[in-house]
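Novice: Each number in the numbering used here corresponds to the 1-based position in the sequence shown with 598 added. Would you mind keeping the following structure in view while I ask a few things?
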Amino acid sequence: MSDIKFDKSTIPDLSGRVVLITGGTGGIGAEITVELAKKNPALLLFTGRNAQAAEKTLERIRQAAAPAAVKAVTFVPCDLASLKSVRAAADTILAQIGDHGRLDLFLANAGIMAKPAALSPDGYEVHFATNHLGHALLTKKLLPLLEWTADLPLPGGGEGTTSSPRVIYTTSLGWKGGSLDFAGGLRTKQESALMGRWVRYCNSKLANMLYARELGRRHPKLLCFSVHPGVVSTGLVTDLKFSDRLFVQMTNLGKIITPEQGAFNHLWAASALHETISQGGFYEPVGVLSSEKGVKARDEKYASQLWEYTEQALESFM
């Protein structure tokens, strides 16, 4: 196991702020949700597909956080593979936020990895649909509120201090092996590639990294970037078939970390001072800005195409 570390005492008090986390029902999402719930947010919403798993996260929060913080936490069912489900979840989230009138932190964290070839209910390759399109639709539905928040005073801040909402996408080093076929491949199961289940995953992680960069470029009021949690021993890995688990273990000897450690880069991302974070950056654990050479090459090739493709794919769900 890696000895990766993070000082949780650096996580700021979240009084008055509203937080949204996808995938808070398990893995690193549950770890992030529990840690941030301890910091007294005005409202903390987390999504997932499984209400029973959500109850386990809520029980952990009841044991770890103050009673007032527990009351501020709400679970919102959402299946990111289905754009209809995402649209309904977005409406619920906006209704729950209601009079709070702000959204300070959005962690687009949920995802799937190395699943069998399949199409989403909307006809897209299922990794691309779940990891990218679902989060992109949720982001677009929340954008007006996020940009509104950017002009509001920071809770507890000094006079003249304005909020700086953060949109943080979970990606992985897998983006380096990804490509995006906008000519039609994204609406197929992409079964033909060698190690296809991993190629499909890498493609979706490339989309996550690039979308965060493009979002920051087009919406500079927001602080948008992506983070790699590390190779984490969660259900994403332990639920794989034996050959895939062996592949992960053999290619990451000494690098596999616990779910608690896997949350460190996200907790850093939620905590670090605004001026220390590069807009659109890709960060490895903990808080290490990745070399821009490879990032820029992929950016120039795919970013604007991905944005336009995504806009068209989501248009009927807005």
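Beta carbons are placed, not taken as given, at the ideal position from N, Cα and C, and that holds for glycine.
On the CB-based measure, 16 or more other CB atoms within 10 Å of its CB, does S802 come out buried or exposed?
Specialist: Start at 1 with the first residue of the sequence shown, and residue 802 comes out as number 204. The residue is buried, with at least 16 neighbouring Cβ atoms inside 10 Å.
Novice: In the structure shown, what three-state DSSP assignment does E745 receive?
Specialist: If you number the sequence shown from 1, residue 745 lands on position 147. Reduced to three states, the DSSP call for E745 is helix.
Novice: Please check the pair T655 and G622, which I expect to be a contact at CB under 8 Å, by giving their CB distance rounded to whole angstroms.
Specialist: Within the sequence shown, numbered from 1, the residue matching residue 655 stands at position 57. Within the sequence shown, numbered from 1, the residue matching residue 622 stands at position 24. Contact annotation, T655 with G622: C-beta distance approximately 6 Å; criterion of less than 8 Å satisfied.
Novice: From A708 to G627, what distance separates their C-alpha atoms?
Specialist: Looking up residue 708 in the sequence shown gives position 110. Looking up residue 627 in the sequence shown gives position 29. In a straight line, the C-alpha of A708 is about 7 Å away from that of G627.
Novice: Tell me which residues share the same chain as F780 and place their Cβ nearer than 7 Å to its Cβ, disregarding the 5 neighbours each side in the sequence.
Specialist: Residue 780 sits at position 182 when you count from the first residue of the sequence shown. Hits under 7 Å: Q903, Y907.
Novice: Would you identify the three-state DSSP class for E789, choosing helix, strand or coil?
Specialist: Reading the sequence shown from its first residue, position 191 is the one you call residue 789. Secondary structure at E789: coil, using DSSP grouped into helix, strand and coil.
Novice: Pick out the complete beta strand (DSSP E) segments inside the segment 806-833, 3 residues or longer, and give them in chain order.
Specialist: 821-825
Novice: Just to confirm my understanding: we take E745, look at its own chain, exclude 5 residues before and 5 after, and list those with CB closer than 6 Å. What are they?
Specialist: As a working mapping, residue 745 is identified with position 147 in the sequence shown. The residues are K819.
Novice: Per DSSP, what are the beta-bridge partners of G646 in this structure?
Specialist: As a first step, residue 646 must be located in the sequence shown, where it is residue number 48. Note: G646 sits in a beta bridge opposite P675.
Novice: Expressed to the nearest angstrom, what Euclidean distance is found between the alpha-carbon atoms of P719 and N648?
Specialist: Taking the sequence shown and counting its residues from 1, the one referred to as residue 719 is at position 121. Taking the sequence shown and counting its residues from 1, the one referred to as residue 648 is at position 50. Cα-Cα distance, rounded: 18 Å.
Novice: Can you tell me whether V886 is buried or exposed, with buried defined as 16 or more other CB within 10 angstroms of its CB?
Specialist: Here residue 886 refers to the residue found at position 288 of the sequence shown. With fewer than 16 other Cβ atoms within 10 Å, it is exposed.
Novice: Quick check: L740 and L681, are their CB atoms within less than 8 Å of each other?
Specialist: Locating residue 740 in the sequence shown gives position 142, counting from the first residue. Locating residue 681 in the sequence shown gives position 83, counting from the first residue. Taking 8 Å as the Cβ cut-off, L740 and L681 do not qualify as a contacting pair.
Novice: If you follow the alpha helix (DSSP H) that F862 is part of, which residue opens it and which one closes it?
Specialist: One-based indexing of the sequence shown puts residue 862 at position 264. Start and end: 862-869.
Novice: In three-state DSSP terms, what is L778?
Specialist: The sequence position of residue 778 within the sequence shown is 180, counting from 1. Coil.
Novice: Going by C-alpha to C-alpha distance, which of G794, N638, Q910, A870 sits closest to P753?
Specialist: Numbered from 1 along the sequence shown, position 155 holds the residue referred to as residue 753. Closest by alpha carbon: N638.
Novice: Do the CB positions of A895 and Y881 come within less than 8 Å of each other?
Specialist: For this step, residue 895 is matched to residue 297 along the sequence shown. For this step, residue 881 is matched to residue 283 along the sequence shown. No, Cβ-Cβ distance for A895 and Y881 is not below 8 Å.
Novice: Three Cβ pairs or more, each shorter than 8 Å: is that satisfied between the segment 631-646 and the segment 665-685?
Specialist: yes
Novice: Distance, Cα to Cα, V684 vs F704?
Specialist: Indexing the sequence shown from 1 puts residue 684 at position 86. Indexing the sequence shown from 1 puts residue 704 at position 106. Cα-Cα distance, rounded: 15 Å.
Novice: Excluding the 5 residues preceding and the 5 following V616 in the sequence, name in chain order all residues of the same chain whose CB lies nearer than 7 Å to its CB.
Specialist: If you number the sequence shown from 1, residue 616 lands on position 18. Once the five neighbours on either side are set aside, the close Cβ partners of V616 are P639, A640, L641, I695, H698, R700, L701, D702.
Novice: What does V886 pair with, by DSSP beta-bridge criteria?
Specialist: One-based indexing of the sequence shown puts residue 886 at position 288. Answer is E882.
Novice: On the premise that Y722 lies in contact with Y767, defined as a C-beta separation below 8 Å, what is that separation, rounded to the nearest angstrom?
Specialist: Mapped onto the sequence shown, residue 767 falls at position 169. Mapped onto the sequence shown, residue 722 falls at position 124. Actually they do not touch by this definition, with Cβ atoms about 18 Å apart.
Novice: Following the continuous alpha helix (DSSP H) through I691, name the residue where it begins and the one where it ends.
Specialist: By one-based count along the sequence shown, residue 691 stands at place 93. First-last of the alpha helix (DSSP H) with I691: 681-695.
Novice: Buried or exposed for E873, please, with buried defined as at least 16 other CB atoms from any protein chain shown within 10 angstroms of its CB.
Specialist: Within the sequence shown, residue 873 is the residue found at index 275, counting from 1. Exposed, since its Cβ has fewer than 16 Cβ neighbours within 10 Å.
Novice: By the three-class DSSP mapping on this structure, what secondary structure does P639 have?
Specialist: Position 41 of the sequence shown, counted from the start, is the residue given in the question as residue 639. P639: coil per DSSP, three-state reduction.
Novice: Quick check: the Cα distance between K787 and Y799, rounded to an integer number of angstroms?
Specialist: Indexing the sequence shown from 1 puts residue 787 at position 189. Indexing the sequence shown from 1 puts residue 799 at position 201. If I take the Cα positions, the gap works out to 12 Å.
Novice: So the candidates are L692, K636, E657; which of them puts its Cα closest to the Cα of A666?
Specialist: Position 68 of the sequence shown, counted from the start, is the residue given in the question as residue 666. Nearest option by C-alpha distance: K636.
Novice: Would you kindly report the start and end of the unbroken beta strand (DSSP E) that includes A706?
Specialist: To locate residue 706, count along the sequence shown from 1; it is residue 108. Where A706 is concerned, the enclosing beta strand (DSSP E) stretches over 703-706.
Novice: Take the Cβ of Q650 as the centre, count every other Cβ of all protein chains shown within 10 Å, and call the residue buried at 16 or more, exposed below.
Specialist: To locate residue 650, count along the sequence shown from 1; it is residue 52. Exposed, since its Cβ has fewer than 16 Cβ neighbours within 10 Å.
Novice: To which residues does DSSP link V616 through a beta bridge?
Specialist: As a first step, residue 616 is located in the sequence shown; it is residue number 18 there, counting from the start. Paired residues: L641.
Novice: Between the alpha carbons of E633 and G772, how many angstroms are there, rounded?
Specialist: For this step, residue 633 is matched to residue 35 along the sequence shown. For this step, residue 772 is matched to residue 174 along the sequence shown. If I take the Cα positions, the gap works out to 26 Å.
Novice: By the three-class DSSP mapping on this structure, what secondary structure does P751 have?
Specialist: Looking up residue 751 in the sequence shown gives position 153. Looking at P751 - three-state DSSP - the assignment turns out to be strand.
Novice: Regarding L741 and the ligand SAM, is the C-beta to nearest heavy atom distance less than 7 Å?
Specialist: This structure lacks the ligand SAM; in fact it carries no ligand of any kind.
Novice: Of all the options V893, V884, E629, G879, which has the alpha carbon lying nearest to the alpha carbon of R764?
Specialist: For the purposes of this step, residue 764 is taken as the residue at position 166 of the sequence shown. When only C-alpha atoms are compared, the closest one is G879.
Novice: Would you kindly check if the distance between the Cβ of V724 and the Cβ of A679 is under 8 Å?
Specialist: Here residue 679 refers to the residue found at position 81 when the sequence shown is read from its first residue. Here residue 724 refers to the residue found at position 126 when the sequence shown is read from its first residue. In this structure, V724 lies closer than 8 Å to A679 by Cβ.
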